[in-house]
Amino acid sequence: MKHIDITDINSAWDDDAIAVLMQYIEIPARSPIFDPDWESAGHIDAVAELFLAWVQRRELLGLSVELVRLPGLTPVLVAELPATRSELTNSTVVLYGHMDKQPEMLPWSEGLGPWTPVLRGERLYGRGGGDDGYAMFAAIFALEALQRAGGDHGRVVVLIEASEESSSIHLGAYLDHLQQRIGRPDLVVCLDSFCETYDRVWLTTGLRGVAGGVLEIVVAEDSPHSGRASGVLPSAVRILRQLLDRIEDSTSGAILIESANVEIPDERVREAVIAAGVFPSLASSFHPVPGLQPISDDPAEQLLHGTWRPALEVIGIDHLPSVDDGGNVFRSRLRVKLSLRVPPTSDVESVVAEMIDRLATDPPYGALVRFTPGARGPGWNAPPFASWLTDAVSEASVTYFGNPSASCGVGGTIPFMGMLVRKFPDAQFLVVGVLGPESNAHGPDEFLHVPTAKRLTACVAEVLNAHARSML
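Numbering (my numbering), first residue to last: 27 to 498.
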């Protein structure tokens, strides 16, 4: 097979995908955990129908596509393509992405907004473009490019779900429902990860799991004048501080939950050292205020902190007024949403059990304390790469990015990977993405770096062909 024609891929993205992605960004298809009325709102169905109509217009020989719906669950887009050769009929590749989105996270910069698509140079701004609306276009364009180049691929199943940002709470039912159609894949390509730089393919070798929930603290039924109650009753804020101290050392950030701490494999430590040599500092991917000191000055340690060590974040608080509206009122209740990222090999259920025990047992001052576990997702540690996969990704990265590939773990969670590696332990997994420096997934000013999406599309096509060759 000749190399993939990147010119055709560039044209497909510019002439077709960008316009549809802009329509997609305009639809506030918040994931079901953020929009309990998602069915009546219709936004997730709207993006699913938009994607379905787009795939149906493509002239990809042999492609079939449908929206699969289970009662009460968000839909899943399933596209299937037969193998190019009879010898590859029993070889299956799964290409994965998702179409649901995080909430708005205001404010965005002037002229930008979560549901306002804006193309500025190489960046397409708006919620969901890079996380993860681009994935479906990359998957279909890679298959089209492979057909044009005369390459081969096994039987392909493209799976685009709609509950990933809710820890894939609906996906498990679909994996069971679609088990016969999915078969037993020997290659899974996940298009929902990060890249530490935009100058090469970054292979994700690990994903942290996530465990969390809502902590509710009630001290009094009323909200008295702070001048009367403070010093007499313990405030909900004081109790919150004490409860958080049970699960996190506020000085070091160390997580005190035993099951959330694991020994980091030696190969992941070595990998972090190598990856840190490619880019100077993970902290430089963000915008810290001048003078802020990161938790570690060692780039390799930054990577390990962000990928193999647990970390706690308070991601939402109820019953606290804004500064402008904050009167002299005693804080008698709080409702706090916690998110604990845990290492790839941690047992998430054990972590949740420990959180319940530490937060809800023997509450300070006898306050009313409830901890309700929320959506959770398992982590994932990549199995060893087959030599054909390592060679194919490295060659494709040099061809289309100009630099060899690199690899490292990622601090986020893709529950699909944890689900699949348990079902198919012998499969090869290629986890890649376009969320690089400043792309700000989940936050204000999220953008898709369009050139990276184009180049990655070509790389995926090359990997699919290399996979087919390895199976012949």
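Backbone N, C-alpha and C define an ideal beta-carbon position, used for all residues, glycine too.
- For PRO477, the enclosing alpha helix (DSSP H) has its first and last residue at 476 to 497.
- Scanning the segment 224 to 291 from its first residue to its last, the whole beta strand (DSSP E) runs of 3-plus residues come out as 228 to 233, 235 to 244.
- Our two residues, ARG396 and MET381, have alpha carbons roughly 11 Å apart in a direct line.
- Residue pairing by DSSP places ARG361 opposite GLU242, ASP344 in a beta bridge.
- About 5 Å separates the Cβ atoms of ALA165 and VAL184, confirming a contact at the 8 Å cut-off.
- Per DSSP, GLU65 is one residue of the alpha helix (DSSP H) stretching across 64 to 67.
- 9 Å or more divides the Cβ of GLU242 from the Cβ of SER433.
- Scanning the segment 64 to 150 from its first residue to its last, the whole alpha helix (DSSP H) runs of 4-plus residues come out as 64 to 67, 69 to 83.
- Here the alpha carbon of ILE341 sits roughly 49 Å from the alpha carbon of LEU498.
- Apart from the 5 residues on each side of it in sequence, TRP414 sits with its Cβ closer than 6 Å to the Cβ of ALA492, SER496 in its chain, given in chain order.
- By the C-beta density criterion, SER285 is buried, having at least 16 other C-beta atoms within 10 angstroms.
- Assignment of TRP334 by DSSP, reduced to helix, strand and coil, places it in the coil class.
- Annotation note: the segment 402 to 476 contains the following uninterrupted alpha helix (DSSP H) runs of length 4 or greater, listed N- to C-terminal: 413 to 427, 441 to 449.
- Annotation: LYS449 to GLY428 spans about 36 Å, alpha carbon to alpha carbon.
- Setting aside the 5 residues that flank it on each side, SER256 is surrounded in the same chain by PHE356, each with a C-beta closer than 8 Å to its C-beta; the list follows chain order.
- Here HIS179 has LEU107, ALA109, THR110, LEU114, VAL119, LEU169, LEU172, LEU490, ASN491, HIS493, ALA494 as same chain residues with Cβ atoms under 8 Å from its own Cβ, once five neighbours each way along the sequence are excluded.
- Relative to the Cα of ASP271, the nearest Cα in the group THR33, LEU338, GLN328 belongs to LEU338.
- In the DSSP assignment, the residues bridged to SER219 are GLY459.
- With contacts defined by Cβ atoms closer than 9 Å, PHE167 and ALA38 form a contacting pair.
- Looking only at SER276, VAL244, GLU274, ASP275, the smallest Cα-Cα distance to SER261 is reached by VAL244.
- ARG367 sits in a strand when the DSSP states are folded into three classes.
- Annotated as proximal: LEU217 and LEU482, with beta-carbon spacing under 9 Å.
- Per DSSP, the continuous alpha helix (DSSP H) segment holding ARG384 begins and ends at 374 to 386.
- ALA401 places its beta carbon less than 9 Å from that of ILE195.
- According to DSSP, residue pairing for THR398 in a beta bridge involves VAL240.
- Residue nearest to LEU329 within the set ASN354, GLY317, VAL299 is VAL299 (criterion: CA-CA distance).
- If you look at GLU52, you'll find it in the alpha helix (DSSP H) that goes 44 to 52.
- The three-state reading of DSSP puts LEU172 in helix, counting H, G and I together.
- Two segments are said to touch when three or more pairs of C-beta atoms, one from each, lie closer than 8 Å; by this definition the segment 68 to 77 touches the segment 48 to 57.
- Counting only residues of its own chain and dropping the five nearest sequence neighbours on each side, GLU191 has a CB closer than 6 Å to the CB of SER57, ASP126, GLN128.
- With distances taken between CA atoms, GLY235 lies nearest to ASN287 out of ASP248, ASP324, VAL476, ASN287.
- For ILE32, the secondary structure class from DSSP, reduced to helix, strand or coil, is helix.
- Counted as a single uninterrupted DSSP element, the alpha helix (DSSP H) harbouring LEU201 occupies residues 197 to 203.
- Cβ atoms of SER193 and PRO441 come within 8 Å of each other, at about 5 Å.
- Linking PRO143 to ALA199 through their CA atoms gives a straight-line distance of about 33 Å.
- DSSP links LEU213 through a beta bridge to VAL119, GLN454.
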